[in-house]
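*Asks:* Submitted below is the structure of interest, expressed as structure tokens.
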Amino acid sequence: MSMRRSVSRVAAVLAVLLFTGAVRAAPARAAAADYVLYYTVGSVNPAGQENLGNIADRLLGGAGRATDIFNLNSGRSQPAGGALSNPNSLTAGWYLVLPWDAVGSGVRYGVLPTTAPAPAAAPDTNTGATTAPGATTPGSAPGGGSTGGGQPATTGQAERPTGPGVPQASTPVNPGAVPSSPPPAAPPSGKCVAAIAASAPSNWAMRKLAADQVWEHSRGVGQLVAVVDSGVDGRAAQLSGRVAIGANIVTGDGRGDSDCLGTGTAMAGLVAAQPVNKETFTGVAPESVVMPVRVVTDGTAAGEAAQAAAIEVAVSAGATVIALGSYVDVTRPAVVQAVQAALDQDIVVVAGAPPAGPRDGAVEPPAEVIIVGGVGVDGKTAEEYAPQSVDVVAPGVNIASLGINGTKRFVGSGTEYAVALAAGAVALVRGSHPELKAPQIVHRVAITADRMGDAQPDSRYGYGMINPEAAVTRELPEETALLSQDNDPAGASTDGDGVRVAFLVTVLVGLILSALLVFRLRRTMRGAEAEGDLDAEWPAGPMRPEDEPTVVGSR
């Protein structure tokens, strides 16, 4: 343990030095290629005349959306030659970047190609279908090799979900808007898992976090929390008025406010549930709005491209917090790229800690992501996490929340529930400290956590159990010094004051980056645990022995 403390101190010093050098040199970070939705002109109807109006009508539900396509593509040089300048004049082989809600034949998702497509194929004489230039059938890679599980093809392109039952055009909706009409009914019951009802649910998680102690300061007003999981049952009484329309990445039908599995609804309840009687509970941030982004329907794994697309939809819709459920792997390259794009938009991304064991092709998530582990009332983790991977922990075992399709209560265990609770805490902080940027929010949530184990950060628990009240109300010296300078009367600053402000800004950002670098260094360490670390006790708290719940069900 002393070795880890020494490494952490050295890492922090190095981070400050590196940051100072970065301020002087200001090297530009190489931007990764962006995954986008795009359409190849002439790919669906090579013989027909296409313009932005008929493309928008077919893929976006109305010709009026042509302006959106024009704004995304105007003046960009095309690999086939030329550039878009006239919405009524298109050249076959041009790649048109599309808005996120485009769906239909010819819509593709992936890295925008840098070479012109092959000439369009003639219509199939047997089926009448036309093969798009360079296109592949869903689930196959160029050359006939299967990509498996919806993963991107080897060219870096991945198919937008297509097939029977997927609409070829949809009416555009605002996924971040709360619908005035009731959400759609759930899919046929034969395709849905049976909800797990709790006969005697425990609310230990909410008692442990005691978020109600901070509601006089913040209730999450103005925060849009995207829950990327199985959708959310918008008909649940405790979520009335708190669920946005969302999006469905599985079918592309434009809405995510129904749920067939229950995990997304349970996550949403932990974030924003409203009390309807004395037997119901309240979410951590009860005045936030949840935006469901569905990446699974029947419990099968979501493809990497779908995971990335879900994050991009959340970014486009204006989410301020993104909670990634267990169907999103934040160590996959395309997902990491989408997460980085979210971070670049000052969005706080909350993800579950990766499990222990080898992970082929895994990459490190960006330092600014807050990685959460789940724990039970006894302090044992919800699963075995990769060593040094956890930043903070939250309740994740025997968690009571909302059920689906009329089931009043659900009890389950999983890291995704810890993620939801942490996301709720982030919404509280964002609501009370609008002046803070995403890295500062992450720093605040981590540094105010209640210590668990022998050190902070600890190899298993990171900085410890999140503490919503402390995260919102505690004064941090590194923030106070900066704010005191910002509050000086207008015109009182001198050149020397400006230098001091710049210095304080540098120190503040350096401290935050130092903490984040320590997160990453701890995750890469795979040394042997010091003797006794695994016997860390649950910190003292208000929990009474009779409050310990009985597990009713788990995922």
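Quick note on numbering: the sequence shown equals residues -25 to -1, 1 to 530 in mature numbering (1 follows the signal peptide of the UniProt record, and there is no 0). Backbone N, C-alpha and C define an ideal beta-carbon position, used for all residues, glycine too.
Can you tell me whether DSSP reads T382 as helix, strand or coil?
*Replies:* Taking the first residue of the sequence shown as 1, we reach residue 382 at position 407. The answer is coil: DSSP assigns T382 none of H, G, I, E or B.
*Asks:* What three-state label does DSSP hand V372 in the structure shown?
*Replies:* Here residue 372 refers to the residue found at position 397 of the sequence shown. V372 falls in the coil class under three-state DSSP.
*Asks:* Give the straight-line distance between the Cα atoms of G387 and V323, rounded to the nearest whole angstrom.
*Replies:* Here residue 387 refers to the residue found at position 412 of the sequence shown. Here residue 323 refers to the residue found at position 348 of the sequence shown. The alpha-carbon atoms of G387 and V323 are separated by roughly 25 Å.
*Asks:* Could you name the residues of the same chain whose beta carbon sits closer than 8 Å to that of G50, not counting the 5 residues immediately before and after it, in chain order?
*Replies:* Residue mapping note: residue 50 aligns to position 75 of the sequence shown, counting from 1. Contacts found: A58, L59, S60.
*Asks:* Buried or exposed: N63, going by 16 or more other Cβ atoms within 10 Å of its Cβ?
*Replies:* Reading the sequence shown from its first residue, position 88 is the one you call residue 63. The residue in question, N63, is exposed, as its Cβ has fewer than 16 Cβ neighbours within 10 Å.
*Asks:* When you compare only the Cα positions, how much space is there between T382 and G237?
*Replies:* On the sequence shown, position 407 is the one that residue 382 refers to. On the sequence shown, position 262 is the one that residue 237 refers to. If I take the Cα positions, the gap works out to 10 Å.
*Asks:* Given a cut-off of 8 Å, decide if V372 and P340 are closer than it, judged by their beta-carbon atoms.
*Replies:* Stepping through the sequence shown from its first residue, residue 340 is reached at position 365. Stepping through the sequence shown from its first residue, residue 372 is reached at position 397. Not closer than 8 Å, so no.
*Asks:* I need the straight-line Cα distance from P261 to V200, nearest angstrom please.
*Replies:* As a working mapping, residue 261 is identified with position 286 in the sequence shown. As a working mapping, residue 200 is identified with position 225 in the sequence shown. Taking the straight line joining both Cα atoms gives about 11 Å.
*Asks:* If you follow the alpha helix (DSSP H) that P267 is in, where does it begin and where does it stop?
*Replies:* Along the sequence shown, one-based indexing puts residue 267 at 292. First-last for P267: 264 to 269, but that is the beta strand (DSSP E), not the alpha helix (DSSP H).
*Asks:* Only counting the same chain, and skipping five residues up and downstream in sequence, which positions put a Cβ closer than 8 Å to that of V338?
*Replies:* The count along the sequence shown starts at 1 and reaches residue 338 at position 363. Excluding residues within five positions, the ones whose Cβ falls inside 8 Å are T306, R307, P308, V311.
*Asks:* Less than 8 Å between the beta carbons of G327 and S301, yes or no?
*Replies:* On the sequence shown, residue 327 is found 352 positions in, with the first residue counted as 1. On the sequence shown, residue 301 is found 326 positions in, with the first residue counted as 1. Taking 8 Å as the Cβ cut-off, G327 and S301 qualify as a contacting pair.
*Asks:* Whole angstroms are fine: how far does the CA of V290 sit from the CA of Q320?
*Replies:* In the sequence shown, the residue the question calls residue 320 occupies position 345. In the sequence shown, the residue the question calls residue 290 occupies position 315. Going from the Cα of Q320 to the Cα of V290 covers about 8 Å.
*Asks:* Name the two residues that bound the continuous alpha helix (DSSP H) containing D319.
*Replies:* Walking along the sequence shown from the start, residue 319 turns up at place 344. 308 to 319 is the span of the alpha helix (DSSP H), which, as asked, contains D319.
*Asks:* Could you tell me whether the Cβ atoms of S376 and G244 are closer together than 8 Å?
*Replies:* By 1-based counting over the sequence shown, the position of residue 376 is 401. By 1-based counting over the sequence shown, the position of residue 244 is 269. Yes; because the gap between Cβ atoms is below 8 Å, this pair is in contact.
*Asks:* Given V189, which residues of its chain have a CB within under 7 Å of its CB, disregarding the five upstream and five downstream residues?
*Replies:* For the purposes of this step, residue 189 is identified with residue 214 of the sequence shown, where counting begins at 1. Closer than 7 Å at Cβ, skipping near neighbours: L403, P443, E444, V447, T448.
*Asks:* Just list the residues that DSSP pairs A58 with in beta bridges.
*Replies:* On the sequence shown, position 83 is the one that residue 58 refers to. Per DSSP, S52.
*Asks:* Count the other CB atoms within 10 Å of the CB of T423; is the residue buried (16 or more) or exposed (fewer)?
*Replies:* Along the sequence shown, read from residue 1 onward, the residue named residue 423 stands at position 448. T423 should be labelled buried.
*Asks:* Determine the contact status of A421 and V367, defining contact as a CB-CB distance below 8 Å.
*Replies:* Locating residue 421 in the sequence shown gives position 446, where the first residue counts as 1. Locating residue 367 in the sequence shown gives position 392, where the first residue counts as 1. Cβ atoms of A421 and V367: closer than 8 Å.
*Asks:* Rounded to whole angstroms, what's the CA-CA distance from A395 to P333? Just pull it up for me.
*Replies:* Counting from one through the sequence shown, the residue named residue 395 turns up at place 420. Counting from one through the sequence shown, the residue named residue 333 turns up at place 358. Roughly 26 Å separates the two Cα atoms.
*Asks:* Which residue or residues does DSSP assign as beta-bridge partners of M440?
*Replies:* Residue 440 sits at position 465 when you count from the first residue of the sequence shown. The partner list for M440 (beta bridge, DSSP) reads V368, D425.
*Asks:* Under the three-state reduction of DSSP, which class applies to V189: helix, strand or coil?
*Replies:* The residue you call residue 189 lines up with position 214 of the sequence shown. V189: helix per DSSP, three-state reduction.
*Asks:* Excluding five sequence neighbours on each side, which residues of the same chain lie with their C-beta closer than 8 Å to the C-beta of S52?
*Replies:* Within the sequence shown, numbered from 1, the residue matching residue 52 stands at position 77. So the qualifying residues of the chain are A58.
*Asks:* Roughly how many angstroms lie between the CA atoms of V153 and D429, to the nearest whole one?
*Replies:* As a working note, residue 153 is residue 178 in the sequence shown. As a working note, residue 429 is residue 454 in the sequence shown. Computed Cα separation, rounded: 45 Å.
*Asks:* DSSP on L35, reduced to helix/strand/coil?
*Replies:* Looking up residue 35 in the sequence shown gives position 60. Three-state DSSP puts L35 in coil, outside helix and strand.
*Asks:* I'd like to know whether the C-beta atoms of A55 and A91 end up nearer to each other than 8 Å.
*Replies:* Here the question's residue 55 lines up with position 80 in the sequence shown. Here the question's residue 91 lines up with position 116 in the sequence shown. In this structure, A91 lies closer than 8 Å to A55 by Cβ.
*Asks:* Excluding the 5 residues flanking A212 on each side, which residues of the same chain have their C-beta closer than 6 Å to its C-beta?
*Replies:* Residue 212 sits at position 237 when you count from the first residue of the sequence shown. Excluding residues within five positions, the ones whose Cβ falls inside 6 Å are V251.
*Asks:* At the level of alpha carbons, what is the spacing between D187 and A400?
*Replies:* The sequence position of residue 187 within the sequence shown is 212, counting from 1. The sequence position of residue 400 within the sequence shown is 425, counting from 1. Going from the Cα of D187 to the Cα of A400 covers about 11 Å.
*Asks:* Mapping the DSSP letters down to three states, classify N29 as helix, strand or coil.
*Replies:* Locating residue 29 in the sequence shown gives position 54, counting from the first residue. Helix at N29.
*Asks:* So who's on the other strand from L377, going by DSSP bridges?
*Replies:* For this step, residue 377 is matched to residue 402 along the sequence shown. L377 is bridged to R384.
*Asks:* Using the three-state DSSP reduction, which class does I297 fall into: helix, strand or coil?
*Replies:* Here residue 297 corresponds to residue number 322 of the sequence shown, with the count starting at 1. Strand.
*Asks:* By DSSP, does P340 sit in helix, in strand, or in coil?
*Replies:* Against the sequence shown, residue 340 aligns to sequence position 365. Three-state result, P340: coil.
*Asks:* Confirm, please, whether the CB-CB distance from I220 to A285 is below 8 Å.
*Replies:* As a first step, residue 285 must be located in the sequence shown, where it is residue number 310. As a first step, residue 220 must be located in the sequence shown, where it is residue number 245. Against a cut-off of 8 Å, the Cβ pair of I220 and A285 comes out as no contact.
*Asks:* Mind checking whether D43 and P74 have CB atoms under 8 Å apart?
*Replies:* Translated into the one-based positions of the sequence shown, residue 43 becomes position 68. Translated into the one-based positions of the sequence shown, residue 74 becomes position 99. Yes, Cβ-Cβ distance for D43 and P74 is below 8 Å.
*Asks:* For residue 532, list the residues DSSP reports as bridge partners.
*Replies:* Because the chain is modelled from -25 through 530, residue 532 falls outside the range shown and cannot be assessed.
*Asks:* According to DSSP, is D204 part of a helix, a strand, or is it coil?
*Replies:* Numbered from its first residue, the sequence shown carries residue 204 at position 229. Strand.
*Asks:* Which of the three DSSP states is assigned to P150 in this structure?
*Replies:* Position 175 of the sequence shown holds residue 150. P150 falls in the coil class under three-state DSSP.
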